[in-house]
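If you use the numbering used here, the sequence shown corresponds to residues 1 to 411, in order.
Here a beta-carbon is modelled for each residue, glycine too, at the ideal position from N, C-alpha and C.
Report on the structure given below.
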Amino acid sequence: MVDQAGAVPAAAQPREVDDYARKALVASTVGYAMDGFDLMILSFMLPAVIVGLHLTASEAGSLVTWTLIGAVIGGLVVGALSDRFGRIRVLSWTILLFAVFTGLCALAQGYWDLLVYRTVAGIGLGGEFGIGMALVAEAWPAHKRARASSYVALGWQAGVLTAALSTPLLLPVIGWRGMFLLGLLPALVAFVLRRVLHEPELFVRAAQKTSGSPYRYLFADRDATRSTIGIAIMTSIQNFGYYGTMIWLPSYLSTQLGFSLTRTALWTAVTVSGGAFGMFIFGHLADRFGRKPMFILFQISAMAMAFIYPQITDPTMLAVAGFATGITLSGMIGGYGALISESYPTQARATAQNILFNFGRGVGGFGPLVIGWLATKYSLPAALSFLVVIWAIDIVVTLTMIKERRGEPLT
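Below, the structure is given as structure tokens:
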């Protein structure tokens, strides 16, 4: 049972990485990888879809926009459903929803039916991050919780990489309709999930006490409110810095430094590789030294790279600086899963994961717009240097509003 203070008994807290923990990690990572894979193949397929369905450029672009809108809706709703009805059950529903409506895209006859299919598929995608992070946090022991969360975050990178490698090979052979039919494969994942995984014991124990809306836990008391505001600012700044840099990086390399398209793509790939490495090491270091110290270290590093990178013109040094920039920009994504999981009770864990991270992505989406405006008013190097200011704000917020909870049992 749950005690009167709402804490979950120690018996429900995992002590070692067992077979269930590994299966939960695989399921969560695959779910998040689908997010990256789906959005990347859609971007690759847009020219073929435009020709096949006679779409305008604005209609094609709106397919991506409405997929993301669907993901935001899913993030707001699906996490709460998971906190109420179970991690495995709702994760299976979301994967199945995504798979069915992605498959239906192959049957689209025009813009409007394809738009509906993409939006509903996006709803399925939107909930997977939060559910997966909550599931892994509850299945893994406290001393390895951050690294497990970082592995889930790496799923996105793996999905993007898989799409980038497979789409150019498969698209000419099976066409855009065939590529959408591949989206039915995750339905098998949903089937396997229901067969091999049960709900975490931590969730089952906490569910006995669940009542009311899970959203209320985000502002349940002073500590919760402070954590909610602080983490929302952190995710917003990190996403702002990430999108503001990554969207404008190719333009900076080509227009300011005269890089060719091939060299620009190579330097961008180096930065993305640095991001994957950053996520991996963040999780391991956060388990060893704490979440808060690692966030501050990475924020200071991001602030330093925002100042240093625009000053470099040597190609070799740019590659080194790009790898370091990738580490600092993306590495923090590997830490949010553990930080949010430890800041809220089991009754609202998936809700908090989805709302706070999707809020940050929504605010971060304005990063390219603001950087573009500053570049027009001043210069692109000056605009990128502006990020020094927001990282300084991030450091202050982390120092003053975030509580260190490394090693603490989940409630």
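Closest by C-alpha distance to Gly212, out of His198, Leu387, Lys23 and Gln347, is Gln347. Lys292 carries a helical assignment under DSSP once its states are collapsed to helix, strand and coil. Looking at the backbone, the Cα of Asp287 and that of Arg15 are separated by about 14 Å. The beta-carbon distance between Tyr309 and Leu374, rounded to whole angstroms, is 15 Å. This is too long to meet the 8 Å contact definition. The three-state reading of DSSP puts Arg15 in coil, since its state is none of H, G, I, E or B. Annotated as proximal: Gly159 and Asp35, with beta-carbon spacing under 9 Å. With a contact defined as Cβ atoms closer than 8 Å, Val389 and Gly230 miss out at about 18 Å.
By the criterion of a C-beta distance shorter than 6 Å, Val120 is surrounded in its chain by Phe101, once the five residues flanking it on both sides are discounted. For Ser343, the enclosing alpha helix (DSSP H) begins and ends at Ile333 to Ser343. The three-state reading of DSSP puts Gly365 in coil, since its state is none of H, G, I, E or B. With contact defined as three or more Cβ pairs closer than 8 Å, the segment 135-142 and the segment 341-357 are in contact.
Membership of Ser213 in any alpha helix (DSSP H) is not indicated, and neither H nor E is assigned to it by DSSP. If only uninterrupted beta strand (DSSP E) runs of at least 3 residues are considered, none is enclosed by the segment 38-126.
Going by beta carbons, Leu297 and Ala27 fall outside the 9 Å limit.
Rounded to the nearest angstrom, the Cβ distance from Ala71 to Gly31 is 13 Å, too far for a contact under 8 Å. Excluding its 5 nearest sequence neighbours in each direction, Ile69 has C-beta neighbours in its own chain below 8 Å: Thr119 and Gly122, listed in chain order.
With contacts defined as CB atoms closer than 9 Å, Val270 and Gly322 qualify as a contacting pair.
Taking C-beta atoms as the reference points, Arg349 and Ala146 fail to come closer than 9 Å.
If you draw a 10 Å sphere on the C-beta of Gly74, you find 16 or more other C-beta atoms in it, and that means buried. The DSSP-derived three-state label of Leu185 is coil. Check the Cα spacing between Phe180 and each of Arg87, Ala48 and Leu154: the tightest is with Ala48. Taking 8 Å as the upper bound for CB-CB distance, Gly130 and Gly52 are not in contact here, some 34 Å apart.
Under the 8 Å Cβ criterion, the segment 226-241 counts as touching the segment 364-373, having at least three qualifying pairs. In the displayed model, Leu161 falls within a helix according to three-state DSSP. DSSP, reduced to helix, strand and coil, places Ser150 within a helical segment of the structure shown. In this structure, Gly283 and Ser149 form a Cβ contact; the two beta carbons are roughly 6 Å apart against a cut-off of 8 Å. Looking at the backbone, the Cα of Thr162 and that of Ile88 are separated by about 25 Å. 9 Å or more divides the Cβ of Gln311 from the Cβ of Trp391. The closest CA to that of Val204, considering only Phe85, Leu55, Thr245 and Ile395, is found on Phe85. Per DSSP, Leu218 lies in no alpha helix (DSSP H) and is assigned neither H nor E. Tyr378 counts as exposed, since fewer than 16 other beta carbons sit within 10 angstroms of its beta carbon. In the three-state reduction of the DSSP assignment, Glu404 falls in the coil class. Contact between Arg194 and Ser92 holds: CB atoms are separated by about 5 Å, below the 8 Å threshold. Residue environment for Glu408: exposed (fewer than 16 other C-beta atoms within 10 angstroms of its C-beta).
In this structure, Phe44 lies near Ala164, with their beta-carbon atoms less than 9 Å apart.
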